[in-house]
Amino acid sequence: MIQITVPELAESITGGTINDMFVKIGDSVKKDDPILELETDKINIEIPSLASGIVVDLPYTIGDEVKVNTIIATLEEAVDHSTVAEQVNPANESGKKSSYHYTKRAEDYIVATPAARKRARELGIDLSQIQAADPLGRIRPADVLAHAQKTPSLREKEVTPMEERETSKLTERIKMSARRRAIANHLVEAKQQTAMVTTFNEIDMSKVSAIRAEKQVAFTQKHGVKLGFMSFFAKAVVIALKEFPMLNAELAENDIILKKYYDLGIAVATNEGLVVPVLRGVDKLDFASIEKNMLVLREKAENKKLELNDLQGGTFTITNGGVFGSLFSTPIINTPQVAILGMHTIQKRPIALADDSIAVRPMMYIALSYDHRIIDGKEAVGFLTRIKQFVENPYELLVET
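Position one of the sequence shown corresponds to residue 1 (UniProt numbering), numbered consecutively onward.
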């Protein structure tokens with residue numbers, strides 16, 4: 001017997017919800033054929049078969065939650081078709097019961113692509129009723145759609161992606177998606193497992209805005225990407241992390257793991273929720289490289305193309321609620337990290353200058369949420385103050401980097 005388990009995923013992913021099943025008991029699969037699709041709080045991933053064989057057990061179904069290392073399928077290694085009929089008999093000559101969970105003969109097995117099976121389930125079509133155009137008898141999505149067109153009751157059938165039930169005329173009950181449930185669980189765990197505290201400061205964005213406006217055209221023409229505020233903050237964060245290394249750490253039971261590399265998670269909002277792809281080696285990147293890499297990650301997130309490697313191993317996270325107009329917030333730590341920086345919208349406000357005069361300046365509130373178990377208030381405030389100093393004096397930031 002071959003057992004297929006949920007593999008180790010990103011370090012903060014402990015499991016997920018089965019979003020789709022591509023096989024059923026009795027199906028013949030080849031190595032690397034997808035068994036099911038697992039939806040996590042970060043990405044959807046297909047879990048493949050480790051070998052060729054016949055599916056004899058599927059202990060879970062769509063909607064079930066499974067943890068890492070959980071057995072999700074059991075296969076019997078592929079055998080010669082001439083002997084399959086005998087092997088699948090519920091009882092052999094010696095009277096012993098077979099370990100198989102199916103009784104179909106080999107010639108009765110329905111061969112169909114995962115996409116075709118998914119479409120057939122959505123339309124409520126029995127695969128055994130479909131005639132395959134493929135000479136080898138393999139059913140494909142086009143065969144399913146062709147069958148649906150021949151069946152009047154299926155022509156106008158719509159697939160509802162999420163079950164919705166009306167509980168009264170003034171309310172509507174909408175089932176949470178598996179990803180939204182996973183995100184919710186991860187956020188609650190972060191609140192429950194950390195001693196989270198948030199400290200605040202504000203930044204005068206005058207100088208960095210002026211540099212950005214002055215250099216924007218030339219920067220864009222040279223590098224093919226716009227110069228944003230995030231690259232200034234990313235560089236400032238790296239310098240500050242080197243001065244306050246406890247914020248670039250992880251708590252592992254009774255040990256603190258200090259990380260001497262700087263892979264920053266950049267929160268990106270998508271239609272299916274927030275994801276945090278990781279920008280690698282920011283201490284070694286110039287402004288153009290930061291902007292280009294962030295653009296690639298953002299596009300991958302929006303197009304659902306992120307891979308596990310894009311989400312693993314971040315040491316510190318930056319989130320920018322300002323793009324949605326947020327003036328103030330307390331970001332939640334992206335565990336197992338121990339701190340997160342929140343940027344906010346830039347708003348013109350009157351402020352008192354050093355000579356006691358009043359001036360209107362573009363100001364941004366920044367927030368640092370941190371795990372008070374290993375980070376003291378002095379370190380947190382010092383870190384945030386350094387961010388303020390570098391962004392308010394961007395030429396100093398350029399010299400440091």
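In this text, a Cβ means the ideal position worked out from N, Cα and C, and glycines have one as well.
query, result
"When Gly124, Ser329, Val66 and Ala120 are compared against isoleucine 139, the one with the closest alpha-carbon", "Ala120"
"Local Cβ density within 10 Å of serine 357, reported as buried at 16 or more and exposed below that", "exposed"
"Between the CA atoms of isoleucine 318 and threonine 335 - distance to the nearest angstrom", "13 Å"
"Nearest candidate by alpha-carbon position, reference tyrosine 365, set Thr199, Gln192 and Val282", "Thr199"
"Where lysine 304 falls, given that 16 or more other Cβ within 10 Å makes a residue buried", "exposed"
"Straight-line Cα distance separating alanine 249 from isoleucine 256", "7 Å"
"Status (buried if at least 16 other CB within 10 Å, exposed otherwise) for leucine 264", "buried"
"Classification of leucine 247 by the beta-carbon crowding that lies within 10 angstroms, buried from 16 upward", "buried"
"Pairwise C-alpha distance: serine 177 and glutamate 77", "35 Å"
"Span separating the alpha-carbon of isoleucine 266 from that of valine 237", "12 Å"
"Beta-bridge partners of tyrosine 365, as assigned by DSSP", "Glu202"
"Backbone secondary structure at arginine 165 - three-state DSSP", "At arginine 165 the pLDDT is 43, less than 50, meaning the model places this residue with poor confidence; the figure from the coordinates comes in the next sentence. In the structure shown, arginine 165 sits in a strand (DSSP, three-state: E or B)."
"Secondary structure of lysine 67, DSSP reduced to three states", "strand"
"For residue 404, the first and last residue of its enclosing alpha helix (DSSP H)", "There is simply no residue 404 to check, as the chain begins at 1 and stops at 401 in what is shown."
"8 Å Cβ shell around serine 118 - same chain, five flanking residues per side excluded", "It is lysine, not serine, that sits at residue 118 in the sequence shown. Result list for lysine 118: Asp20 and Phe22, in chain order."
"Coarse secondary structure for glutamate 76, derived from DSSP in three states", "strand"
"Threonine 5 vs asparagine 69 beta-carbon contact at 7 Å", "yes"
"Pairwise C-alpha distance: arginine 349 and threonine 315", "34 Å"
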